[in-house]
C-alpha cells in the first residue's frame with residue numbers, strides 16, 4: 130500500500146474518530162473510495178483504530194456489498210431469481226464460467242471482468258437477464274454470450 134492510500138485511510142479513520150462503534154462506517158467508506166476492501170486495508174485499519182482484525186474481516190465477509198479484491202473493469206451480474214432460473218439462467222452461469230474461467234464472486238486474471246450472481250435484477254419479463262455494467266440484456270441465450278462479452282472488451 131502506498132503513501133496516498135495510507136493518507137486516504139487516515140482521513141477516513143479520523144472522520145470517524147468520535148463515532149461509537151465505527152467499524153461498519155469505516156469499511157463502507159473504504160469500499161466506496163477504493164472499490165474494494167482488501168487485506169492490506171483491513172490490517173491498516175485494525176492497527177490504527179484498535180478494532181480487532183477479526184471483527185473487520187467478519188463484517189466484510191458477511192455482507193455481499195464488500196469486495197476483498199479489486200473488481201474487474203466490467204461487472205457482469207447474472208440474475209438467478211426464479212423467473213431467470215426457470216428460463217435457463219443456470220445455463221447462462223455455466224457458459225460464462227466456461228468462457229471467462231471464473232465463477233461468481235471472482236475476477237478474471239486480466240481484471241477485465243468480475244462475475245456476480247444476484248437474486249433479482251427486476252427484469253422478470255425479459256428473463257433470463259444478464260447485466261454488464263449499466264447495460265441490461267434480456268432473453269439471453271448461452272450462444273450469444275461471446276458476442277455480448279466482445280462488446281465489453283472480451284475476446
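Numbering (this note's numbering), first residue to last: 130 to 284.
Just so you know, even glycine gets a beta-carbon here, dropped at the ideal spot from N, CA and C.
This structure is a prediction, so every number in the text was calculated from the model and none was measured.
One Cα belongs to residue 201, the other to residue 135, and the distance between them is close to 23 Å.
Note on geometry: alpha-carbon atoms of residue 257 and residue 174 lie some 41 Å from one another. Considered as a whole, the region 148-195 harbours 152-163, 168-178 and 182-191 as its complete alpha helix (DSSP H) runs of no fewer than 4 residues, in chain order.
The Cβ atoms of residue 142 and residue 177 sit closer than 8 Å to each other. By the Cβ test, the region 205-219 is not in contact with the region 180-194, since fewer than three Cβ pairs between them sit closer than 8 Å. C-alpha of residue 226 to C-alpha of residue 276: approximately 15 Å in a straight line.
Within the region 226-254, the runs of beta strand (DSSP E) that reach at least 3 residues and sit entirely inside it are, in chain order, 242-247.
Judged by DSSP in its simplified three-state form, residue 222 adopts helix. Counting only residues of its own chain and dropping the five nearest sequence neighbours on each side, residue 194 has no CB closer than 6 Å to any other CB. Residues 151, 154 and 155 of the same chain have their beta carbon placed closer than 6 Å to that of residue 145, with the five preceding and five following residues left out of the count.
Residue 222 is a Cβ neighbour of residue 207, given a cutoff of 8 Å. Collapsing the DSSP output to three states places residue 202 in coil. Rounded to whole angstroms, the Cβ separation of residue 199 and residue 164 is 6 Å, and the two are in contact under 8 Å. By the 16-neighbour rule on beta-carbons within 10 angstroms, residue 282 is exposed.
Residue burial annotation: residue 191 is exposed, with fewer than 16 other C-beta atoms found within 10 angstroms of its C-beta.
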